[in-house]
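In what follows, a structure is listed as structure tokens, so that the remarks can point back to it.
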Amino acid sequence: MAELALIISIIALYLAFMAYQKVGGLGDQKKQSEALSHIGDALIKATNSLREKTADALDKLETSLRTKETRTTPRKETKGEEEG
Numbered sequence: 250m251a252e253l254a255l256i257i258s259i260i261a262l263y264l265a266f267m268a269y270q271k272v273g274g275l276g277d278q279k280k281q282s283e284a285l286s287h288i289g290d291a292l293i294k295a296t297n298s299l300r301e302k303t304a305d306a307l308d309k310l311e312t313s314l315r316t317k318e319t320r321t322t323p324r325k326e327t328k329g330e331e332e333g
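Below is the structure:
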């Protein structure tokens, strides 16, 4: 009975190996790994570009707000306005 179980397990192992090879085996995993690596690199470039654009926009916004602050300085009250 043990011999039959051993033979069946060897056949199952062989079939599993053949199915793995048919699906792609290690070569397919390497291709997928390279593709994911390229996608990761593209994401890093896009993130860096977006970060730079956001920083530039915030710098422009800050400059705009600071120029508005200097243009609209609070007016000084004169003595006549303080008493009234």
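If you count by this note's numbering, then the sequence shown holds residues 250 to 333, one letter each, in order.
We put the beta carbon where it would ideally sit given N, CA and C, even for glycine.
Bear in mind that the values here come from a model prediction, so they are computed numbers and not experimental data.
Start and end residues, alpha helix (DSSP H) containing T321: Segment: none, T321 is in no alpha helix (DSSP H) and carries neither H nor E.
G276 (DSSP reduced to helix, strand or coil): helix
DSSP state of M267 mapped onto helix, strand, coil: helix
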